Each structure stands twice: as C-alpha cells, then as structure tokens.
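Colleague: Starting off with a structure, shown below.
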Amino acid sequence: MGGGVFTYIYNLSNELCFKYDIYIAYSTRPQTPTNFKSFFNKNIQLIEVHDFKREINFVSDLKSAIDLRKIVNKINPDIIHLHSSKAGAIGRIIFNNRKIPLFYTPHGYSFLMNGNYLKNKFYMLVELNLSKLRCTTISCSLGEHEETLKMTHNARVVNNGINISEIESILAKTSLNTKKSITRQVFTLGRITEQKNPYLFNQIAEAMPNIKFLWIGDGELRDMLTAENIEIKGWLSREDALVTASKADVFLLTSKWEGLPISLLEAMYLKKTCVVSNVIGNKDVIEDKYNGFICNNITDYITAISSNQKLLGQKAHETILSKYNMHLMGEEYNKIYSEGMNKYKK
Numbered sequence: 002m003g004g005g006v007f008t009y010i011y012n013l014s015n016e017l018c019f020k021y022d023i024y025i026a027y028s029t030r031p032q033t034p035t036n037f038k039s040f041f042n043k044n045i046q047l048i049e050v051h052d053f054k055r056e057i058n059f060v061s062d063l064k065s066a067i068d069l070r071k072i073v074n075k076i077n078p079d080i081i082h083l084h085s086s087k088a089g090a091i092g093r094i095i096f097n098n099r100k101i102p103l104f105y106t107p108h109g110y111s112f113l114m115n116g117n118y119l120k121n122k123f124y125m126l127v128e129l130n131l132s133k134l135r136c137t138t139i140s141c142s143l144g145e146h147e148e149t150l151k152m153t154h155n156a157r158v159v160n161n162g163i164n165i166s167e168i169e170s171i172l173a174k175t176s177l178n179t180k181k182s183i184t185r186q187v188f189t190l191g192r193i194t195e196q197k198n199p200y201l202f203n204q205i206a207e208a209m210p211n212i213k214f215l216w217i218g219d220g221e222l223r224d225m226l227t228a229e230n231i232e233i234k235g236w237l238s239r240e241d242a243l244v245t246a247s248k249a250d251v252f253l254l255t256s257k258w259e260g261l262p263i264s265l266l267e268a269m270y271l272k273k274t275c276v277v278s279n280v281i282g283n284k285d286v287i288e289d290k291y292n293g294f295i296c297n298n299i300t301d302y303i304t305a306i307s308s309n310q311k312l313l314g315q316k317a318h319e320t321i322l323s324k325y326n327m328h329l330m331g332e333e334y335n336k337i338y339s340e341g342m343n344k345y346k347k
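Just so you know, the numbering used here puts 11 at position 10 of the sequence shown, and the rest follows in order with no gaps.
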C-alpha cells in the first residue's frame, strides 16, 4: 500500500466493488497513508499480511506464502489478481494449480531498470520462468505489454486510469488554496529511490537555479537531492499533494523505468507541462512535443522545462479524458474477469 500502486488499487477496487465482493491481501510500507483504509469503500475487505516485504527474503517470503494460502483457502475466491513483482512471483507459484482465473499485473517489470546488469538478468529469468505457469499477465501500458509478449502470449493490456471525479472533488474543496505561485515551479511525486533517478533530478535543478523544484515524497536516496532550490515535501496527504501539484507549472519525471505512472496521468489531467524520461510507460502516454516532452539527456530536460507551451498541457488533459480514466479501466477489467470465470465454468 504505497505510491501509484496504492492509488491504482483503491480506485480499481472502488470501481468494481458493486459488481464483485473484493478482498485485498496487503502489507504496508513507510509511505503508506496512515488513513489508507478510509480510501476504500466500506464493502471492501482488507486483510494484512504481516511478513510480506518488497525485498527478497526467504524466511519472510515463506511466511507470507503460507499466510496467503490460508487467506485464499478461507475466502475461496472466484478470481485471484496479483499486483507487482513480489506478489506476482509468490502468487503464481502457490496458486498455479487452482482451477480459477489467475491474473498478474507487474506495474513495471523489475528487469527493465537501468544500471545493474546481473540483477536485471536475474529478474528477467524469474519472470521468464514464472510466465510459463497458468496465469494471464495484464500489463498497465502498451510498452509493458510488448515486453510481456516476449515471454508469453497469455497476455492482455489495460491502460492505467485515474479517478477524475475524485480529483475534481478534492480540488473543489481546496480551490482557495490552489492559486499558482509567482515563482516558476517544477515538481515530481514518488519515492526517492533508484527507480525515480534523484541524481538526474538534482543535476537538472542545479542547472536551473532560478526555478524552484519540489519533490513530493521521501525515500532512502533523499541525500542525493542537494541542490539549494530543491524542497523535499515528504509524504503529503492526498489533498495536500494535489494542491501542491496544482500550484506548480511543470511535472518532471526522470525515472529509469516505469509501468504507467499514476502521478504522470494525474499531472496530465491537471494540464501540467509534463517532461519525462524516454522509458516504457512514459513514452506510451506522452507524444513528444504534442502533449508533453520526452527527454534523453540533461539538455533535453533543461530545454523542455524552459519552454512555455501551455497548449501541451491542454492536449495532455484531453488525452486523459479519452483514454486513461478509471471508468474505462474498470470496464476492461470487468470484461477480462468475466471471461476468465466463464472459461472455468465450462
């Protein structure tokens, strides 16, 4: 329960909870909102898995696998949907023999990260071997889907979507606080980790000292953000994060890899000039110089941030309305779930 995956999970669950009884087996991490349970419809059942961790750990992974098996035996579900790499790995192994639809959404394959060749190769081999098991992979972007097809043809794609009604409701309540700052501001949102490339973010800020840079979030690599014009906001409430984003001019995403970031989709809806790295997920939704900027080096980033093209923000907004909203996403998942259940009824 953290970051974009948390937003994805509660929005999708709330969208489908009137058609399905939904149970969510979860664990928390430092950036999990303290009031995270309040985001879910009261009909959704939340079940904590205490030993579930992001890192590979044989003991805790074995304990979480045992807990997950107990949970599934008790609920006896008609569908199991696994989210992110760790749940995808454990779940595909322990639920492979169950005669019910099994789905897995990576939310950004770990082997697509830049930097550590051996680690990437290990993650790729894990995904390749697990893809042979009885499970349908549902990618959250076209680029991720293309990577999936290299391993298995038991694959579907459903673009991530955002809850436009929720955003509008929050902005309406906080409209008095959303006046833009006089100083030009650039922001990003997410964990300060290797994936989000804080080193490059800091380099860009250092090269543009007259612009204020905001990082909404926190993480183990916060010490890399040393430029004097960077403010680390920490983990804000949903409302405060949207208000802060509304006041800024540019959304900057320097990620080394992505699935299809919710933060980017929300920034596009807010009509921000979106300046992003040239990786899967980002380049699936941003068309360079049409609804944002795709960058390959620090010069590209500086040029894009320096430009003042409000029309791109409007085009980004229109893109979200037509392709990346939660209702469309919910309809696609409902169709896939129904097809899976019908298959196992025969």
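Even glycine gets a Cβ: it sits at the ideal position worked out from N, Cα and C. Computed from a predicted structure; not experimentally measured.
With H, G and I counted as helix, E and B as strand and the rest as coil, what does DSSP make of residue 60?
Modeller: By one-based count along the sequence shown, residue 60 stands at place 59. Helix at residue 60.
Colleague: What does the alpha-carbon distance come out to for the pair residue 68 and residue 51?
Modeller: As a position in the sequence shown, residue 68 is number 67, starting the count at 1. As a position in the sequence shown, residue 51 is number 50, starting the count at 1. Approximately 9 Å between the Cα atoms of the pair.
Colleague: In three-state terms, what does DSSP make of residue 47?
Modeller: Stepping through the sequence shown from its first residue, residue 47 is reached at position 46. It is a strand residue.
Colleague: From what residue to what residue does the alpha helix (DSSP H) around residue 339 run?
Modeller: For the purposes of this step, residue 339 is identified with residue 338 of the sequence shown, where counting begins at 1. First-last of the alpha helix (DSSP H) with residue 339: 327-346.
Colleague: Could you give the uninterrupted runs of the beta strand (DSSP E) lying entirely in the segment 60-129, keeping only those of 3 residues or more?
Modeller: Listed in chain order, the complete beta strand (DSSP E) runs (minimum 3 residues) inside the segment 60-129 are 81-84 and 103-106.
Colleague: Identify which residue in 166, 112 and 168 has its Cα closest to the Cα of residue 152.
Modeller: The count along the sequence shown starts at 1 and reaches residue 152 at position 151. Of the listed residues, the one whose Cα sits closest to residue 152 is 112.
Colleague: Excluding the five sequence neighbours on either side, which residues of its own chain have a C-beta within less than 7 Å of the C-beta of residue 225, listed in chain order?
Modeller: As a first step, residue 225 is located in the sequence shown; it is residue number 224 there, counting from the start. Closer than 7 Å at Cβ, skipping near neighbours: 199, 200 and 203.
Colleague: Can you tell me which of 322, 245 and 298 puts its alpha carbon nearest to the alpha carbon of residue 270?
Modeller: Translated into the one-based positions of the sequence shown, residue 270 becomes position 269. Of the listed residues, the one whose Cα sits closest to residue 270 is 322.
Colleague: Would you mind sorting residue 210 into buried or exposed? The rule is 16 or more other CB atoms within 10 Å of its CB.
Modeller: By one-based count along the sequence shown, residue 210 stands at place 209. Exposed: under 16 other Cβ atoms inside 10 Å.
Colleague: Given residue 299, which residues of its chain have a CB within under 8 Å of its CB, disregarding the five upstream and five downstream residues?
Modeller: Within the sequence shown, residue 299 is the residue found at index 298, counting from 1. Counting only Cβ-Cβ distances below 8 Å, and skipping sequence neighbours, we find 201, 204, 205 and 208.
Colleague: Using the Cα positions of residue 43 and residue 257, report the straight-line distance between them to the nearest angstrom.
Modeller: Your numbering for residue 43 matches position 42 in the sequence shown. Your numbering for residue 257 matches position 256 in the sequence shown. When rounded, the distance between both Cα atoms is 37 Å.
Colleague: Please classify residue 325 as buried or exposed, where buried requires at least 16 neighbouring CB atoms within 10 angstroms.
Modeller: Within the sequence shown, residue 325 is the residue found at index 324, counting from 1. Under this definition residue 325 is a buried residue.
Colleague: Just checking my contact of residue 318 with residue 272 at CB under 8 Å: how many whole Å lie between their CB atoms?
Modeller: Taking the sequence shown and counting its residues from 1, the one referred to as residue 318 is at position 317. Taking the sequence shown and counting its residues from 1, the one referred to as residue 272 is at position 271. Their Cβ separation, rounded to whole angstroms, is 5 Å, which keeps residue 318 and residue 272 in contact under 8 Å.
Colleague: If I'm right that residue 5 touches residue 193 with Cβ under 8 Å, what's the distance once you round it to whole angstroms?
Modeller: Mapped onto the sequence shown, residue 5 falls at position 4. Mapped onto the sequence shown, residue 193 falls at position 192. In fact, because the Cβ distance is near 14 Å, the residues do not count as touching under 8 Å.
Colleague: By the DSSP assignment, the beta strand (DSSP E) with residue 193 in it spans what residues?
Modeller: Numbered from its first residue, the sequence shown carries residue 193 at position 192. Where residue 193 is concerned, there is no enclosing beta strand (DSSP E), given that its DSSP letter is neither H nor E.
Colleague: Helix or strand or just coil, what does DSSP make of residue 26?
Modeller: Within the sequence shown, residue 26 is the residue found at index 25, counting from 1. The answer is strand: DSSP assigns residue 26 an E or B state.
Colleague: Which of the three DSSP states is assigned to residue 249 in this structure?
Modeller: In the sequence shown, residue 249 corresponds to position 248, counting from 1. Coil, per DSSP.
Colleague: Classify residue 342 as buried or exposed, calling it buried when 16 or more other Cβ atoms lie within 10 Å of its own Cβ.
Modeller: Position 341 of the sequence shown holds residue 342. Its Cβ having fewer than 16 others within 10 Å, residue 342 is exposed.
Colleague: Of the residues 278, 235 and 85, which one's Cα is nearest the Cα of residue 34?
Modeller: Taking the first residue of the sequence shown as 1, we reach residue 34 at position 33. Checked all of 278, 235 and 85; the closest Cα to residue 34 is 235.
Colleague: Mind reading off the beta-carbon distance from residue 254 to residue 189? Whole number of angstroms is fine, and I expect it under 8 Å.
Modeller: As a position in the sequence shown, residue 254 is number 253, starting the count at 1. As a position in the sequence shown, residue 189 is number 188, starting the count at 1. With 8 Å as the limit, residue 254 and residue 189 qualify as a contact, their Cβ atoms being about 6 Å apart.
Colleague: Taking all protein chains shown into account, decide if residue 118 is buried (16 or more other Cβ within 10 angstroms of its Cβ) or exposed.
Modeller: One-based indexing of the sequence shown puts residue 118 at position 117. Answer is exposed; the Cβ neighbour count stays below 16.
Colleague: Assuming residue 157 contacts residue 250 under a Cβ cut-off of 8 Å, what Cβ separation, rounded to an integer in Å, is found between them?
Modeller: Along the sequence shown, one-based indexing puts residue 157 at 156. Along the sequence shown, one-based indexing puts residue 250 at 249. In fact, because the Cβ distance is near 37 Å, the residues do not count as touching under 8 Å.
Colleague: For residue 243, collect the residues of the same chain with a Cβ closer than 7 Å to its Cβ; drop the 5 residues on either side in sequence, then sort them by chain order.
Modeller: Against the sequence shown, residue 243 aligns to sequence position 242. So the list reads 168, 171 and 172, once near-sequence residues are dropped.
Colleague: I'd like to check one pair, residue 96 with residue 81: are the Cβ atoms closer than 9 Å?
Modeller: Here residue 81 corresponds to residue number 80 of the sequence shown, with the count starting at 1. Here residue 96 corresponds to residue number 95 of the sequence shown, with the count starting at 1. Closer than 9 Å, so yes.
Colleague: Measure the Cβ-Cβ separation of residue 129 and residue 105 and say whether it is below 9 Å.
Modeller: Counted from its first residue, the sequence shown places residue 129 at position 128. Counted from its first residue, the sequence shown places residue 105 at position 104. Against a cut-off of 9 Å, the Cβ pair of residue 105 and residue 129 comes out as no contact.
Colleague: For residue 139 versus residue 266, is the C-beta distance shorter than 9 Å?
Modeller: By 1-based counting over the sequence shown, the position of residue 139 is 138. By 1-based counting over the sequence shown, the position of residue 266 is 265. No. Outside cutoff.
Colleague: Out of 134, 131, 110 and 136, which has the shortest C-alpha to C-alpha gap to residue 142?
Modeller: Here residue 142 refers to the residue found at position 141 when the sequence shown is read from its first residue. Residue 142 has its Cα closest to that of 110, out of 134, 131, 110 and 136.
Colleague: Does the beta-carbon distance from residue 281 to residue 148 come in below 9 Å?
Modeller: Numbered from its first residue, the sequence shown carries residue 281 at position 280. Numbered from its first residue, the sequence shown carries residue 148 at position 147. For residue 281 and residue 148, yes; Cβs fall inside 9 Å.
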